[in-house]
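FYI, the numbering for the sequence shown is 26 to 282, going by my numbering.
First the structure, in the form of structure tokens, and then the observations on it.
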Amino acid sequence: GTDALGVMAHFCMVASMMSPNFGNDRLLLAAWATFQTAFFFAQWVEYNVHELHHCIGGVFGITEMNCSGGLLSIGVSFIDRTSLFSPIGPTLPLVGDITPAKIGGLGWVMLQSGVIVHGFQLVGAKVKGAEFQKAVTATAPAVVAAVVTVFGFSDEVVTNHKKLICMTVWPLLTYNSVQVIIFAMARQELVVLQWPSAVYLLAAVATRVAGPSIAAPLLLSLFLLFFAVLIEWAVSASNQITTRLGIRVFHVKPQKD
26 GTDALGVMAH
36 FCMVASMMSP
46 NFGNDRLLLA
56 AWATFQTAFF
66 FAQWVEYNVH
76 ELHHCIGGVF
86 GITEMNCSGG
96 LLSIGVSFID
106 RTSLFSPIGP
116 TLPLVGDITP
126 AKIGGLGWVM
136 LQSGVIVHGF
146 QLVGAKVKGA
156 EFQKAVTATA
166 PAVVAAVVTV
176 FGFSDEVVTN
186 HKKLICMTVW
196 PLLTYNSVQV
206 IIFAMARQEL
216 VVLQWPSAVY
226 LLAAVATRVA
236 GPSIAAPLLL
246 SLFLLFFAVL
256 IEWAVSASNQ
266 ITTRLGIRVF
276 HVKPQKD
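And the structure:
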């Protein structure tokens, strides 16, 4: 799950260069949500078919996604970005003015979505009937988190707090991804009901009911909560790997006399 943690650095760099001139905050959130969700689906495919060959055309997969994000963040820093935000086409509903930046954002979302769809194809080819339905149901926590990120918050909250939204969903989707890894290693049935995703959904509803004024403290509190849960999981997993499997990475096991 380390790569799922690392993508945040790449995305933050690109987002900071694009925002606030990008012109479509929900598209920016969609790029982030699909980016993180693709990592979940890579682990979900491995959990169900026991092979980590999650890629498009046998070439473009999760590793390439991560490397592309890093290369994109480096490339964007060396160019004159004003041309990226200049309109080059008509104004479209939900999208606004067509600009090179938005075309790139739409392409990125489509590419990530293609990886996710391909994951369903890989699992569907080997898992049939009720077992496939159960496998699809297990994707609910990640799908809910992604949908809430893009559509769950009001326009005012998205405009003023999109960075907090990205920060909050980052440890949430990472947690969902590493849960799949752990259940795959333990060969246990994946738990569908993940409370962090439910809490995130309720938080989005609360910002619409109580008003956007509660969004900032609520999102910041959730980020700290989810990050603490993620750290607790990492410490617990490290201890179990060391004590139960005898795998020691950071120190040499003392030799018996």
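Even for Gly, the Cβ is constructed at its ideal location relative to N, Cα and C.
As the structure is a prediction and not an experimental result, all values here were calculated from the model.
Contact under 9 Å by Cβ, residue i with residue j
{"i": "residue 73", "j": "residue 153", "result": "no"}
{"i": "residue 66", "j": "residue 144", "result": "yes"}
{"i": "residue 141", "j": "residue 193", "result": "no"}
{"i": "residue 54", "j": "residue 174", "result": "yes"}
{"i": "residue 196", "j": "residue 252", "result": "yes"}
{"i": "residue 262", "j": "residue 182", "result": "no"}
{"i": "residue 224", "j": "residue 255", "result": "no"}
{"i": "residue 200", "j": "residue 219", "result": "yes"}
{"i": "residue 203", "j": "residue 258", "result": "yes"}
{"i": "residue 109", "j": "residue 125", "result": "yes"}
Same chain, Cβ closer than 6 Å to residue i, neighbours up to 5 away in sequence not counted
{"i": "residue 163", "result": "215, 217"}
{"i": "residue 191", "result": "57"}
{"i": "residue 134", "result": "55, 56, 59"}
{"i": "residue 171", "result": "58, 62"}
{"i": "residue 177", "result": "229"}
Nearest-angstrom beta carbon gap, residue j and residue i [assumed within contact, 8 Å]
{"i": "residue 228", "j": "residue 245", "result": "Contact flag wrong, Cβ pair sits at about 11 Å."}
{"i": "residue 49", "j": "residue 129", "result": "Wrong, their Cβ atoms sit about 12 Å apart, outside the cutoff."}
{"i": "residue 62", "j": "residue 198", "result": "6 Å"}
{"i": "residue 112", "j": "residue 123", "result": "6 Å"}
Environment of residue i [buried if 16+ CB atoms lie within 10 Å]
{"i": "residue 71", "result": "buried"}
{"i": "residue 230", "result": "exposed"}
{"i": "residue 68", "result": "buried"}
{"i": "residue 92", "result": "exposed"}
{"i": "residue 264", "result": "exposed"}
{"i": "residue 137", "result": "buried"}
{"i": "residue 160", "result": "buried"}
{"i": "residue 64", "result": "buried"}
Nonlocal neighbours in the same chain, by C-beta distance under 8 Å from residue i, ignoring five residues either side
{"i": "residue 179", "result": "232, 233, 237"}
{"i": "residue 149", "result": "157"}
{"i": "residue 76", "result": "70"}
Own chain residues within Cβ distance below 7 Å of residue i, not counting five before or after
{"i": "residue 169", "result": "222, 226"}
{"i": "residue 115", "result": "123"}
{"i": "residue 117", "result": "123"}
{"i": "residue 186", "result": "240, 241, 244"}
{"i": "residue 155", "result": "none"}
{"i": "residue 207", "result": "262"}
{"i": "residue 249", "result": "none"}
DSSP-derived helix/strand/coil call for residue i
{"i": "residue 122", "result": "strand"}
{"i": "residue 164", "result": "coil"}
{"i": "residue 215", "result": "coil"}
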